[in-house]
Ligand SMILES: N[C@@H](CCC(=O)N[C@@H](CS)C(=O)NCC(=O)O)C(=O)O
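Numbering (our numbering), first residue to last: 75 to 330.
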């Protein structure tokens, strides 16, 4: 029988007892959004503390996370910061769940390696272009960035969709979101939402181009953005409006 790892207060951390979790977050932050998806997928109850990012962090929060960033979690008295670390920890601490197969076997190790490579590819190759898209203000610039986004997705991301989708649409053919979807979901959600013409953020041509040139990515993304774990804290209109205003302000300031 597996022995439960224990924290200083004697509570099991291997998923056998419900942990006491506080998530320090802001619903506008895509990195913090990763933690919300992981917690929902794992079915873990949690308290949340919304951190106001529009003003300097309070000293109490800097004690929790000296970098002043969200997300952070307090898990049974232990502080964990950085979204990738937080979500990996939650998946490791609750291994019976579908997020990531954690027991030692070659196939599980391979799955984890492929998830890590997929996430690294999306974040290091595609995300910079997606962020450039949010920044572009003129229609021509938006269209040019849309071409760049499509080109990087076609070259770097689309080839990674090499699994059979008969068993499920998610990473490796999973029928439920995995850690790959947890780590990329908040950005995919914004990518899909911000191409809607009513928001005027990304080029409205982008959705059609992705559908035509990256059909596997598009089919996966379309399913993912419908998942309850991905949408339950999402206020699309509010976040789109704020994103548009924020980047318009930044662009105006850069011109001065
Ligand atoms: N690498 C961090 C990035 C987190 C991050 O940039 N959070 C932003 C909000 S989206 C933040 O807390 N910003 C506060 C600030 O910069 O003062 C992670 O993955 O957790």
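Note that CB positions come from ideal geometry on N, CA and C, so glycine has one too. Since the model is a prediction, treat every value here as computed from it, not as a measurement.
Spatial neighbours of residue i in its chain, beta-carbon cut-off 7 Å, leaving aside the 5 residues before and after
i           : result
residue 304 : 111, 259, 263 and 298
residue 278 : 269 and 271
residue 82  : The predicted model places residue 82 with a pLDDT of 34, which falls under 50 and marks its position as unreliable; any figure quoted below should be read in that light. Counting only Cβ-Cβ distances below 7 Å, and skipping sequence neighbours, we find 151.
residue 232 : 288, 290 and 291
residue 226 : 199, 200 and 203
residue 126 : none
residue 109 : 97, 99, 145, 147, 157, 160 and 161
Beta-bridge partners of residue i, as assigned by DSSP
i           : result
residue 241 : Note: residue 241 sits in no beta bridge, so no partner.
residue 38  : An answer regarding residue 38 cannot be provided, because it is not within the stretch 75 to 330 covered by the chain.
residue 285 : None, per the DSSP bridge assignment.
residue 152 : 149
residue 121 : 96
residue 248 : 244
Residue i: CB within 7 Å of a non-hydrogen atom of ligand 1
i           : result
residue 144 : yes
residue 263 : no
residue 319 : no
residue 181 : no
residue 148 : no
residue 104 : yes
residue 157 : yes
residue 127 : yes
Residues near residue i in its chain [Cβ-Cβ closer than 6 Å; skip 5 each side]
i           : result
residue 241 : 247
residue 209 : 321
residue 84  : Because residue 84 sits at a pLDDT of 36, beneath the cut-off of 50, its placement in the model cannot be relied upon, and the following sentence gives the value as read from the coordinates. There are no such residues.
residue 237 : 246 and 247
residue 222 : 203
residue 128 : none
Sub-8 Å separation of residue i and residue j beta-carbons
i           : j           : result
residue 99  : residue 138 : no
residue 266 : residue 102 : no
residue 183 : residue 173 : no
residue 245 : residue 290 : no
residue 207 : residue 220 : yes
residue 118 : residue 216 : no
residue 97  : residue 147 : yes
residue 153 : residue 163 : no
Contact belief for residue i with residue j at Cβ below 8 Å, rounded distance in angstroms
i           : j           : result
residue 357 : residue 175 : Given a span of 75 to 330 for the chain in the structure shown, any question on residue 357 remains unanswerable.
residue 224 : residue 288 : 7 Å
residue 254 : residue 193 : 6 Å
residue 149 : residue 93  : 6 Å
residue 195 : residue 257 : In fact, because the Cβ distance is near 11 Å, the residues do not count as touching under 8 Å.
residue 318 : residue 273 : 6 Å
residue 140 : residue 157 : Contact doesn't hold; Cβ gap of about 16 Å is too wide.
Cutoff 8 Å; reference residue i; Cβ partners in own chain excluding five residues on either side
i           : result
residue 114 : 302, 303 and 306
residue 293 : 239 and 243
residue 218 : 210
Test: residue i CB closer than 8 Å to a CB of chain D
i           : result
residue 113 : The question asks about chain D, but that chain is absent: this structure has only one protein chain.
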